[in-house]
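*Asks:* Protein chains in written order, with our numbering: chain G, 937 to 1018; chain Y, 5 to 290. Ideal placement from N, C-alpha and C gives every residue a C-beta, glycine not left out.
(1) Grab me the residues of residue 73 (chain Y)'s own chain with a C-beta within less than 8 angstroms of its C-beta, minus the 5 sequence neighbours each way, in chain order.
(2) Does at least one heavy atom of the ligand GDP sit under 6 angstroms from the Cβ of residue 1003 (chain G)?
(3) Are the C-beta of residue 967 (chain G) and some C-beta of chain Y separated by less than 7 angstroms?
(4) According to DSSP, what are the bridge partners of residue 137 (chain Y)?
(5) Taking only the alpha-carbon atoms, compute the straight-line gap between residue 274 (chain Y) and residue 280 (chain Y) and give it to the nearest angstrom.
(6) Going by CA-CA distance only, name the one from Y:134, Y:234, Y:220 and Y:153 that's closest to residue 115 (chain Y).
(7) So which residues of chain Y does residue 990 (chain G) contact, with C-beta pairs closer than 7 angstroms?
(8) Mind listing the chain Y neighbours of residue 961 (chain G)? Cutoff is C-beta to C-beta under 7 angstroms, in chain order.
(9) Check residue 174 (chain Y) in the structure and name its three-state DSSP category.
(10) State the Cα-Cα distance for the pair residue 198 (chain Y) and residue 108 (chain Y), rounded to the nearest angstrom.
(11) Applying a beta-carbon distance threshold of less than 8 angstroms, which residues of chain Y neighbour residue 1036 (chain G)?
(12) Whole-angstrom Cβ separation of residue 203 (chain Y) and residue 257 (chain Y), contact assumed at under 8 angstroms?
(13) When burial is assigned at 16 or more other CB atoms within 10 Å of the CB, is residue 5 (chain Y) buried or exposed?
(14) Can you give me the start and stop residues for the alpha helix (DSSP H) that residue 354 (chain Y) sits inside?
(15) With respect to the alpha helix (DSSP H) encompassing residue 48 (chain Y), which residues constitute its N-terminal and C-terminal limits?
(16) Using beta carbons (cut-off 7 angstroms, strictly below), is residue 199 (chain Y) in contact with chain G?
(17) Taking the alpha-carbon of residue 1009 (chain G) as reference, which of G:945, G:996, G:940 and G:962 has the nearest alpha-carbon?
(18) Since I believe residue 158 (chain Y) is in contact with residue 987 (chain G) (beta carbons under 8 angstroms), could you give me their beta-carbon distance rounded to a whole number of angstroms?
(19) Can you tell me whether residue 178 (chain Y) is buried or exposed? The criterion is at least 16 other CB atoms within 10 Å of its CB, across all chains shown.
(20) Is there at least one Cβ from chain C nearer than 7 angstroms to residue 1009 (chain G)'s Cβ?
(21) Quick test of the definition: if touching needs 3 or more C-beta pairs under 8 angstroms, does the region 77-93 of chain Y touch the region 48-59 of chain Y?
(22) Around the C-beta of residue 170 (chain Y), are 16 or more other C-beta atoms found within 10 angstroms, so that it is buried, or is it exposed?
(23) Count Cβ pairs between the region 91-109 of chain Y and the region 182-192 of chain Y that sit closer than 8 angstroms; are there 3 or more?
(24) Between the beta-carbon of residue 182 (chain Y) and the beta-carbon of residue 259 (chain Y), is there less than 7 angstroms?
(25) Mind listing the chain Y neighbours of residue 1001 (chain G)? Cutoff is C-beta to C-beta under 8 angstroms, in chain order.
(26) Round the Cβ separation of residue 120 (chain Y) and residue 151 (chain Y) to the nearest angstrom and send it over; I've been treating them as touching at under 8 angstroms.
(27) So, residue 166 (chain Y) versus residue 35 (chain Y), is the Cβ gap smaller than 7 angstroms?
(28) Do residue 149 (chain Y) and residue 124 (chain Y) count as a contact pair if the criterion is CB distance below 7 angstroms?
Structure below.
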């Protein structure tokens, strides 16, 4: 087994199980409770860094992350990843 | 960071050889620094105006204690004129720079909010799922609006702070006024552009024939079922842009009202602090 093969996930599992792993992960992270918890955390961090600490780029980054967590589920569902 | 400053009396000329504020944070920092450095000038000006008005009343043999309300009005009128005259020391260049910074910051942040508004309205009207659910809970509805408006409201609260504390400063007053004028003009332009753009999208761009053309263009990598879903989604989502156009007008009004309300509410308190600092006993703000 070469070095590159060690980094290839399909060396360690088959492609169906690999896809199931990601689908399960997306379903857990971007549906229901965990999605809401992450989105609220990112939003509060955006306010903390953007308004309180006056670090606008970091605030904007966390705001974008909150948006992604809130709205990405239908895109993943549409592309068959959820 | 801007250079220059003054305190303890005398006229200080601003706006020449200063570094131009690059962002609204720079502008707010400049205003706060000038406000702190020139607070003594403002207090001295208030005291000198009070003495001048008191002498005018004494020359007329008028009794302040008999008509304190009129004395207060005379004092405020004279103070306003004196501050306007003193604030001519802030150059036109500096005023324009503060206006420009307020305008740019307000326009850019407002456009970001305006683009996020259709997402929030789409969630409320159950066209866009949020957190994976098509039926949003009350928490979800509140959260998506906070996401869309939070940045703008935070910005308004942030700039209202500087208006609150430095609006009455003799040199910071024109800075705050010009900065805030830029913010208002930027917000108004943003509201106008967003209103026109959303109506343009609804009336001209998202016609059925163009939606069909777009879906057909995507047909090479979409199945028939997904192409139909895409077409129905865009067609049903269209009216959200009309709603969003009016929501943006409402949120812009809110964005503009926050600093104005802050100044109105804080003006009395700020004036009280100035009066106390100048040790004036004949005028009370309660």
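*Replies:* A quick look at the data gives this:
(1) Numbered from its first residue, the second chain carries residue 73 (chain Y) at position 69. Contacts found: none.
(2) The model depicted lacks the ligand GDP and carries no ligand whatsoever.
(3) The count along the first chain starts at 1 and reaches residue 967 (chain G) at position 31. Yes, residue 967 (chain G) counts as interfacial toward chain Y.
(4) Indexing the second chain from 1 puts residue 137 (chain Y) at position 133. In the DSSP output, where bridge partners are listed per residue, residue 137 (chain Y) has Y:134.
(5) By 1-based counting over the second chain, the position of residue 274 (chain Y) is 270. By 1-based counting over the second chain, the position of residue 280 (chain Y) is 276. Spanning the two alpha carbons is a distance of roughly 10 angstroms.
(6) Against the second chain, residue 115 (chain Y) aligns to sequence position 111. Among Y:134, Y:234, Y:220 and Y:153, the Cα nearest to that of residue 115 (chain Y) is on Y:153.
(7) Along the first chain, one-based indexing puts residue 990 (chain G) at 54. Simply 29.
(8) Taking the first residue of the first chain as position 1, residue 961 (chain G) is located at position 25. Residues of chain Y passing the Cβ test: none, with the nearest at roughly 13 angstroms.
(9) Start at 1 with the first residue of the second chain, and residue 174 (chain Y) comes out as number 170. Coil, per DSSP.
(10) Taking the first residue of the second chain as position 1, residue 198 (chain Y) is located at position 194. Taking the first residue of the second chain as position 1, residue 108 (chain Y) is located at position 104. Distance between the alpha carbons of residue 198 (chain Y) and residue 108 (chain Y): 16 angstroms.
(11) Outside the displayed range of chain G (937 to 1018) lies residue 1036 (chain G), so it cannot be described from this structure.
(12) Stepping through the second chain from its first residue, residue 203 (chain Y) is reached at position 199. Stepping through the second chain from its first residue, residue 257 (chain Y) is reached at position 253. Actually they do not touch by this definition, with Cβ atoms about 18 angstroms apart.
(13) What you label residue 5 (chain Y) is simply residue 1 of the second chain in a count that begins at 1. Only weak support exists for where residue 5 (chain Y) lies, its pLDDT of 36 falling under 50; the coordinates are left without a value.
(14) What is shown of chain Y runs 5 to 290, which leaves residue 354 (chain Y) out entirely.
(15) As a position in the second chain, residue 48 (chain Y) is number 44, starting the count at 1. 43-63 is the extent of the alpha helix (DSSP H) around residue 48 (chain Y).
(16) For the purposes of this step, residue 199 (chain Y) is taken as residue 195 along the second chain, with counting starting at 1. Chain G, which has no Cβ nearer than 7 angstroms to the Cβ of residue 199 (chain Y), makes this no.
(17) By one-based count along the first chain, residue 1009 (chain G) stands at place 73. It is G:962.
(18) For the purposes of this step, residue 987 (chain G) is taken as the residue at position 51 of the first chain. For the purposes of this step, residue 158 (chain Y) is taken as the residue at position 154 of the second chain. Correct: roughly 5 angstroms between the Cβ atoms.
(19) Taking the second chain and counting its residues from 1, the one referred to as residue 178 (chain Y) is at position 174. It is buried - the Cβ of residue 178 (chain Y) has at least 16 other Cβ atoms within 10 Å.
(20) In summary, chain C is missing from the structure at hand, where the protein chains are G and Y.
(21) yes
(22) As a working mapping, residue 170 (chain Y) is identified with position 166 in the second chain. Looking at its Cβ environment, which holds 16 or more other Cβ atoms inside 10 Å, residue 170 (chain Y) is buried.
(23) yes
(24) As a first step, residue 182 (chain Y) must be located in the second chain, where it is residue number 178. As a first step, residue 259 (chain Y) must be located in the second chain, where it is residue number 255. Not a contact, by the Cβ cut-off of 7 angstroms.
(25) Within the first chain, the letter at position 65 stands for residue 1001 (chain G). Correct list: empty, because the minimum Cβ distance to chain Y is about 11 angstroms.
(26) Along the second chain, read from residue 1 onward, the residue named residue 120 (chain Y) stands at position 116. Along the second chain, read from residue 1 onward, the residue named residue 151 (chain Y) stands at position 147. The Cβ separation is near 7 angstroms, so the contact holds.
(27) Within the second chain, numbered from 1, the residue matching residue 166 (chain Y) stands at position 162. Within the second chain, numbered from 1, the residue matching residue 35 (chain Y) stands at position 31. A contact, by the Cβ cut-off of 7 angstroms.
(28) Indexing the second chain from 1 puts residue 124 (chain Y) at position 120. Indexing the second chain from 1 puts residue 149 (chain Y) at position 145. In contact: residue 124 (chain Y) and residue 149 (chain Y) (Cβ atoms closer than 7 angstroms).
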